[in-house]
Amino acid sequence: MVGSFFKSFVPNPPATRFEGEDPGEKVLYVLRKSLVTNFGWVLLSILFIVVPSFVDEFIFSSADLSRFITPQLAFNLTALWYVFTFGFIFTRYINWYFNVYVITNMRIIDMDFYSLLARSVSVAPLRNIEDITYDVHGTFESLFNVGDVTIQTAAERPRFDFEKVDNPAKIHDILSDLVKEVKGV
Amino acid sequence: MFEVSNAIVDMFTKNAFSAAINLLVIFIELIYVLYALIIVRQVALLNRTLNTGAAPLFGLVSLIHLLMSIGIVVISILGLLS
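For the record, the sequence lines run as chains A and B. Under our numbering, think of the first position of the first sequence as 27, with each following residue one higher. Under our numbering, think of the first position of the second sequence as 238, with each following residue one higher.
Quick look at the structure:
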């Protein structure tokens, strides 16, 4: 159960619905950026968690500072810091979790949430997909098999990029097969 | 006389500074409550845009975050008053 919260490649996701879903439409895959792309903010969060213990030691070892910072104030600041850290971890996780590429039996959907107040959703029918390529470049990408899948379409948005997804070759294969099936090639 | 003036200066520098910092912290905490409210609203919108089985859990976590941020404001105000 817990594992499902950290999956970047979810085939046949159970109980998954999206805004604008058509009757008869079935979500086949939900893709997210690779889990390893979260490394930076996870490291920062660990730093946020351990910082107060060092700061407390510094404040209470300094006679000048400990005169002004009462235990009540120290408690308030520490509590605020940890709530902020919790909020930071939650918003970063939510940002990763909801930035998805959805593949249905009818179309592909790219949902981007840039921040808490900005989002964009692009859609292209599978029959409008003209070309699919993928590339894996760089040490990090090769090590973790992470890459970009680029989809050229005849839809309103001519190009879709599934960025930093796990196993791009497999996604390329899945999409190619779906497009062939829809176009009856 | 010297002792009295020293005590006044000491009281002013220590207590007034601590009180000013406490008020500043409460102000920051209040702004953070607004941010936590925006997160609750945004999580509700995200859950509507893409509804997975985890939607109720995300809603609950965002509410817990909001309650925690309100809680520390209350604790800070009570601490300042006592």
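Ideal Cβ placement from N, Cα and C applies to all residues, glycine included. This one's a predicted model, so the numbers in the text were calculated from it and none came from an experiment.
Strictly by DSSP, which residues pair up with ARG185 (chain A)?
Sequence index remark: in the first sequence, residue 185 (chain A) carries index 159 (1-based). Partner(s): A:GLN178.
Using the beta-carbon of each residue, which ones in chain B are nearer than 7 Å to GLU45 (chain A)?
Counting from 1 along the first sequence, the entry for residue 45 (chain A) is found at position 19. Listed by position along chain B, the residues whose Cβ is nearer than 7 Å to that of GLU45 (chain A) are ARG285 and THR286.
How is the alpha helix (DSSP H) around PRO82 (chain A) delimited, first residue to last?
Taking the first residue of the first sequence as position 1, residue 82 (chain A) is located at position 56. The residue you asked about is not Pro; residue 82 (chain A) is Asp in the sequence shown. For ASP82 (chain A), the uninterrupted alpha helix (DSSP H) run begins and ends at 65 to 87, by DSSP.
Beta carbon of ALA195 (chain A): closer than 6 Å to some heavy atom of the ligand NAP?
The model on display carries no ligand, and the ligand NAP is accordingly not part of it.
Quick one: does ASN259 (chain B) have its CB under 7 Å from some CB of chain A?
Taking the first residue of the second sequence as 1, we reach residue 259 (chain B) at position 22. Yes, contact with chain A.
Would you please verify whether the beta carbon of ILE309 (chain B) is less than 7 Å from any beta carbon of chain A?
Residue numbering aside, residue 309 (chain B) sits at position 72 when the second sequence is read from its first letter. At a cut-off of 7 Å, the C-beta of ILE309 (chain B) has a neighbouring C-beta in chain A.
Under 7 Å between beta-carbons, which chain B residues line up against MET137 (chain A)? List them in chain order, please.
Numbered from 1 along the first sequence, position 111 holds the residue referred to as residue 137 (chain A). By Cβ distance, chain B contributes THR286 and LEU287.
Residues bridged to TYR127 (chain A) [DSSP beta-bridge criterion]:
The residue labelled residue 127 (chain A) in the question sits at position 101 within the first sequence. A:LEU57 and A:ASP136, per the DSSP bridge assignment.
Chain B contact for THR96 (chain A) (CB, 7 Å cutoff)
For the purposes of this step, residue 96 (chain A) is identified with residue 70 of the first sequence, where counting begins at 1. Chain B contact via Cβ: present.
Helix, strand or coil: which one does DSSP assign to VAL162 (chain A)?
On the first sequence, residue 162 (chain A) is found 136 positions in, with the first residue counted as 1. In the three-state reduction of the DSSP assignment, VAL162 (chain A) falls in the coil class.
Sequence-distant residues of the same chain with beta carbon closer than 6 Å to VAL205 (chain A), five excluded per side:
Here residue 205 (chain A) refers to the residue found at position 179 when the first sequence is read from its first residue. Around VAL205 (chain A), the same chain offers LEU152 and ILE155 as residues with beta carbons nearer than 6 Å, after the five sequence neighbours per side are excluded.
Cα-Cα separation, ASN121 (chain A) to LEU271 (chain B):
For this step, residue 121 (chain A) is matched to residue 95 along the first sequence. For this step, residue 271 (chain B) is matched to residue 34 along the second sequence. As the crow flies, the alpha-carbon of ASN121 (chain A) is around 19 Å from that of LEU271 (chain B).
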